[in-house]
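Line by line, the protein sequences give chains A and B. Residue 58 in numbering that gives the first Met the number 0 is what sits at position 59 of the first sequence, and the numbering runs on without skipping anything. Residue 205 in numbering that gives the first Met the number 0 is what sits at position 206 of the second sequence, and the numbering runs on without skipping anything. The structure appears below as structure tokens.
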Amino acid sequence: MNKSILKAVVILLLLSGLLAIPRYVESPYALHMMILLFLSVMMGQSWNILGGYAGQHSVGHAAYFGVGAYTTMMLMHTKQIAPWIGVWAGMALVIVVALAIGSICFRLRGPYFVLASIAVAEILRLSAINLTTLTNGAEGILATELPAFKIGGTIVTDFLTKVPFYYIGLFLVVLTIGITYLVQHSKLGYFFQAIREDQDAAHSLGISISFYKNIALVISAVLTSLAGSFYGIYVGFVDPPTVLGLDVSVQIMLICIIGGMGTLWGPVLGSLVLVPLSEALRSNMITEGLVKIGLVNADSKIGLFLKENLSHAHVLLYGILVVVVILFMPDGLMGFIKQMATRRKQEAV
Amino acid sequence: MAVFMQSLISGILIGGVYALIGIGLTLIFGVMRVINFAHGDILMVGMYLTYIIFTMLGIDPFVSVLITFPLMFLFGGFLQKVFINRVLNALAQNQILLTIGLGLIMSNTVMLIFTSDYKILTTSYSSASIQVGGGVSVSTPLLISFLITAAITAALYWFLLKTDTGQAIRATAQDRDAAQLMGINVKRMSIIAFGLGSALAGTAGALISPTYYIFPQVGGVFTLKAFVITVLGGMGSVVGATLGGILIGITESMSAVYISSGWKDVVVFVLFLLVLLFKPSGLMGKSRT
């Protein structure tokens, strides 16, 4: 009892802190980092529902991310439909796509499911490149001018600063985590986990496997498409590799694996590790840091080489992280922390 | 008719290289039940190796296969011993992620060293072709690479069927535990299988380097193609992978001619999904219970 009250208090404090940040922090860069963090948590958490809880490891989530991003952007660019209306169209379309994919892929298990999910995402990516009249092909869609958001004639925000994006992102993160919490603590969540642990046993207990797998997929896909739409609107640009590429699918999955699959806070933890690290590499902070400590001379050959190249290779870090996590903490950071905690408890006894 | 023959022949020729890639993947899967998502990246390493040997030592890519093959074998053996071996009994998704991670490390390390610029390896015969008659011509580098592929495949069949080690590898693929009980060193067989798989992928990379752009991200396309080929042929079946490779080569070149080159990969993936749905065991695979 006390523990759950404590938990609620901590979460409320955290939330009010996050709500207050834009009042005190004016640096657009800091807000940008927070928005990236929100986006990452959303992506990871959406995958978590299907991959972590229901145990269906899709490596094709870029499909839903891309469909959401593209639908919203296309409607805004060609039909001047405001993104907060376009988002709904994106989600509706994603439900159709997800059910189509589900009906194909859920007949397959294990590695075959993984391969099929990749194939579907690749078909969508290649279609986006080839359907030039609809998607503008490889050039992508650029639409940076957002209409002002009005309620009853008064302008709520005109999207000129990063603050509105910050609050939208925060809202979406709370929504995604909330939905995951509800799923985890409902009958639905237990069904998902039963399917994950033993499909055949779950089936023999009367759980309709393909029905619940599809439910998990739809929830996961809709939330992923929401993240995709938010990404599109925030960045103002989508093209096939950045929203539909295999890299996107892998990245979505990584957030969860590194944090810990099938746990509520795993994707948050994963994002807290991944986002700052990759940003530090991208913006050359690590090279500058090495120079400052005096490990590397800025004008030496190595220094110049690092400055030139390290920023391009932030994906290298992803690779190393995955290998380390899989080999040494296969249950992710959350699993690792729990393990440490139980070990400490045992030692105390 | 000439167009049809032309695309059929170039399909078969490129299919030979695809077969090599597919055989490598299917060997690894057969022996270890691990799907190697780094397969295309290993091929990419083979391409760069060939490129280095060509620019620094001036050795022709088709000759340098003799150097690339053993080097890539060692590389693959190293990957198996240090990384893959530790996850043989882990969950399937962890194995997949590990190989994805290894692939990312390979492509990004290569990018750090060579930058992401496209490299072209130009030989005297890169754009040469031979007239066969009836308006059909055959690209010389593709023809040579097909012949080398055929030779390597034949040697591989002989190795797997006739030698003791080959038989031990096949036994391990059939039933790992039973093979171990029969006194086969399954760990060694795994290293050899991964080494062979990598060597085949690396060789395929060497063989296509005179006709393809060389860049760090080239592997992704080939990883996906390798999956399609092996699933089409039946996971773990070497004969299936050979057939699958040729079939995919023909499908690609036919759909490039009769549909459009932009959509040819989509046709391949749709075919892949159809196979997964209606005959998941593949052309040559035994149905699983």
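Glycine included, every Cβ here is placed at the ideal spot set by N, Cα and C.
Please list, in chain order, the chain A residues whose beta carbon lies closer than 7 Å to that of residue i.
i	result
B/Ala-89	Pro-329
B/Ile-27	Under the 7 Å cutoff, chain A gives no residues; its nearest Cβ is about 12 Å from B/Ile-27.
B/Val-62	Those within 7 Å of B/Val-62 in chain A number zero; the least Cβ separation is about 32 Å.
B/Ile-99	Val-249, Val-321
B/Thr-108	Leu-315
B/Val-230	Leu-114
B/Phe-226	Leu-114
B/Leu-282	Here the premise fails: no neighbours, minimum Cβ distance about 15 Å.
How close, in whole Å, do the beta carbons of residue i and residue j come, if the pair is a contact with beta carbons under 8 Å?
i	j	result
B/Phe-61	B/Ile-191	Contact flag wrong, Cβ pair sits at about 25 Å.
A/Ser-248	A/Ala-120	6 Å
B/Trp-262	B/Ser-252	B/Trp-262 to B/Ser-252, Cβ: 13 Å. No contact.
A/Ile-167	A/Phe-229	7 Å
B/Ile-22	B/Ala-240	5 Å
A/Val-321	B/Leu-97	7 Å
A/Tyr-165	A/Ile-10	Not really, about 19 Å apart at Cβ, beyond 8 Å.
A/Leu-332	A/Val-272	7 Å
B/Val-220	B/Leu-275	That pair is no contact at about 19 Å.
A/Val-40	A/Pro-266	6 Å
A/Gly-50	A/Met-328	Contact flag wrong, Cβ pair sits at about 17 Å.
B/Thr-49	B/Ala-177	That pair is no contact at about 40 Å.
A/Lys-212	A/Phe-105	5 Å
Taking buried to mean at least 16 other C-beta atoms within 10 Å of its own C-beta, is residue i buried or exposed?
i	result
B/Ile-51	exposed
B/Gly-133	exposed
A/Phe-170	exposed
A/Pro-146	exposed
A/Gly-177	exposed
B/Asn-107	buried
B/Tyr-117	exposed
B/Val-44	buried
B/Asp-40	buried
A/Phe-37	buried
B/Met-181	exposed
A/Gly-205	exposed
A/Ile-4	exposed
B/Lys-161	exposed
B/Asn-88	exposed
B/Met-55	exposed
B/Asp-264	buried
A/Arg-124	buried
A/Lys-300	exposed
B/Ile-183	buried
A/Met-339	exposed
A/Tyr-52	buried
Taking the DSSP output, what are the residues bridged to residue i?
i	result
B/Ser-138	B/Ser-128
A/Lys-291	In DSSP, A/Lys-291 forms no bridge with anything.
A/Leu-141	A/Phe-236
A/Ile-154	A/Lys-149
B/Ser-118	Note on identity: in this sequence residue 118 of chain B is Lys, with Ser being the wrong assignment. Beta-bridge pairing links B/Lys-118 to B/Ile-213.
Residues of chain A with CB under 8 Å from residue i, in chain order?
i	result
B/Gly-219	Leu-245
B/Gly-261	Leu-125, Ile-128, Asn-129
B/Arg-85	Leu-326
B/Leu-78	None at all; the shortest Cβ gap to chain A is about 11 Å.
B/Phe-82	Val-322, Leu-326
B/Pro-322	The structure shown does not extend to residue 322 of chain B, since chain B spans only 0 to 288, so no value can be given for it.
Name the chain B residues that come within less than 7 Å of residue i, Cβ to Cβ?
i	result
A/Val-110	Sequence inspection shows Pro at residue 110 of chain A; the Val mentioned does not correspond to that position. Chain B residues near A/Pro-110: Ile-34, Ala-91.
A/Ala-364	It is not possible to answer for residue 364 of chain A, since the shown part of chain A is limited to 0 through 348.
A/His-56	Gln-92
A/Val-242	Chain B residues near A/Val-242: none, gap ~16 Å exceeds 7 Å.
A/Ile-256	Leu-96
Who are the neighbours of residue i on chain B, taking C-beta pairs under 9 Å?
i	result
A/Tyr-63	Here the premise fails: no neighbours, minimum Cβ distance about 17 Å.
A/Ile-103	Leu-272, Leu-275, Leu-276
So residue i contacts chain A; which residues on that side make the cut at Cβ distance below 9 Å?
i	result
B/Asp-264	Glu-121, Ile-122, Leu-125
B/Gly-243	Residues of chain A passing the Cβ test: none, with the nearest at roughly 14 Å.
B/Arg-175	Within 9 Å Cβ-Cβ: nothing; B/Arg-175 doesn't reach chain A, min ~17 Å.
B/Ile-95	His-56, Val-58, Pro-110, Val-113
B/Leu-246	What B/Leu-246 touches in chain A: nothing, since even the nearest Cβ is about 16 Å away.
Can you pull the chain B residues whose beta carbon is under 8 Å from the beta carbon of residue i, in chain order?
i	result
A/Tyr-317	Gly-100, Leu-103
Regarding residue i and the ligand NAP, is the C-beta to nearest heavy atom distance less than 8 Å?
i	result
A/Ile-256	The ligand NAP is not part of this structure, which contains no ligands at all.
Meets three-Cβ-pair contact criterion under 8 Å: the region 232–249 of chain B and the region 6–16 of chain B: A contact exists between the region 232–249 of chain B and the region 6–16 of chain B.
Cβ contact (3+ pairs, closer than 8 Å) linking the region 59–71 of chain A and the region 189–196 of chain A: No: fewer than three Cβ pairs fall under 8 Å.
Stretch pair the region 59–75 of chain B + the region 22–34 of chain A: three plus CB contacts closer than 8 Å: Contact annotation: the region 59–75 of chain B does not touch the region 22–34 of chain A, with fewer than three C-beta pairs closer than 8 Å.
Cβ contact check for the region 210–227 of chain A and the region 95–112 of chain A: 3 or more pairs under 8 Å: Enough Cβ pairs lie closer than 8 Å, so yes.
Segment contact flag, the region 64–78 of chain B with the region 286–297 of chain A, C-beta cutoff 8 Å, min 3 pairs: Cβ pair count under 8 Å is below three, so no.
Any 3 or more C-beta pairs closer than 8 Å across the region 125–145 of chain A and the region 64–83 of chain A: Under the Cβ criterion (8 Å, minimum of three pairs), the region 125–145 of chain A counts as touching the region 64–83 of chain A.
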